[in-house]
Amino acid sequence: MIELNDIYVLAIMLNMSGIGVIYWDWKYLKRHYVMSKLSGWGLVLVALVLWCFRDGWEFGMMFWLMTSALSAWFFCLFDSQTQRQQQQLLPTEKRYRHQLLPRGKIAHALATFLVVGVVSLIACCLFSLALLTLLPGNESNKLVFIAFLFPVLWALTTYWICATEQLRKPLFSLTFISAASGLLLFL
């Protein structure tokens with residue numbers, strides 16, 4: 093009979109192996125095969141089912157997300173260590189040759205950081221709170237839904253801002269969302 097601690101170990105192993113297959117497919121395979129992607133995501137989803145079976149869907153989802161993030165971080169750290177070892181083999185002149193960044197790129201990077209960090213956070217927070225007032229149901233269910241929705245919204249807006257070259261459209265859109273949500277909340 094399988095004990096509950098064995099489910100934890102199995103879920104962690106399946107999650108790490110699934111993330112490893114996905115990472116290997118992304119990083120090292122020249123042709124991206126559908127079966128490797130499906131098997132990697134299948135292992136990750138089986139781990140999700142095991143986590144949810146063991147701890148309920150709220151805690152299971154959170155443990156699954158943490159395990160997936162730590163697994164991906166582990167594989168990226170391992171890859172950076174191997175790249176650092178390969179980089180040390182280069183001649184010294186090539187390794188330390190660098191150029192200063194132009195001021196425009198530095199200003200764009202700082203503006204992106206401010207829009208992603210401050211404006212996106214405020215817009216997603218206000219939108220989540222405004223959505224909280226509009227959702228039906230009792231308060232505890234609405235708060236749990238918003239607790240899951242807020243990080244997803246912030247991640248999507250961050251990805252959108254970092255993917256665009258012009259920051260005007262995301263800045264104006266997020267300012268409009270913040271203003272509309274603020275009006276809904278405070279009026």
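Numbering (the numbering used here), first residue to last: 93 to 279.
We put the CB at the ideal spot given by N, CA and C, even for glycine.
Just so you know, these numbers come straight off a predicted model, no measurement behind them.
Are the segment 223–234 and the segment 258–268 touching, with three or more C-beta to C-beta distances below 8 Å?
-> no
Environment of G110 [buried if 16+ CB atoms lie within 10 Å] | buried
Using the beta-carbon count (16 or more within 10 Å), is M108 buried or exposed?
-> buried
N-terminal and C-terminal residue of the alpha helix (DSSP H) that P228 is part of | Unbroken run through P228: none, as it is neither H nor E.
Helix, strand or coil: how does DSSP classify L241 here?
-> helix
Under 7 Å, do A222 and S273 count as touching if we go by C-beta distance?
-> yes
What is the C-beta distance between D117 and G132, in whole angstroms, given that I count them as a contact (C-beta under 8 Å)?
-> 6 Å
Report the residue from G152, V113, G196, V210 whose alpha carbon sits nearest the alpha carbon of I99.
-> G152
Residue from I114, S128, T250 with nearest C-alpha to L206 | T250
Counting along the chain, where does the alpha helix (DSSP H) carrying L266 start and finish?
-> 260–278
Take the Cβ of S232 as the centre, count every other Cβ of all protein chains shown within 10 Å, and call the residue buried at 16 or more, exposed below.
-> exposed
Going along the chain, which residues of its own chain have a beta-carbon closer than 7 Å to the beta-carbon of V208, five neighbours each way excluded?
-> T250, I253, C254
Residue of T256, L218, W246 minimising C-alpha distance to F278 | L218
Roughly how many angstroms lie between the CA atoms of E150 and C144, to the nearest whole one?
-> 8 Å
Own chain, CB closer than 7 Å to F167, minus 5 neighbours either side, in chain order = I111, G112, Y115
In the structure shown, what three-state DSSP assignment does L202 receive?
-> helix
So, helix, strand or coil for L102, using DSSP?
-> helix
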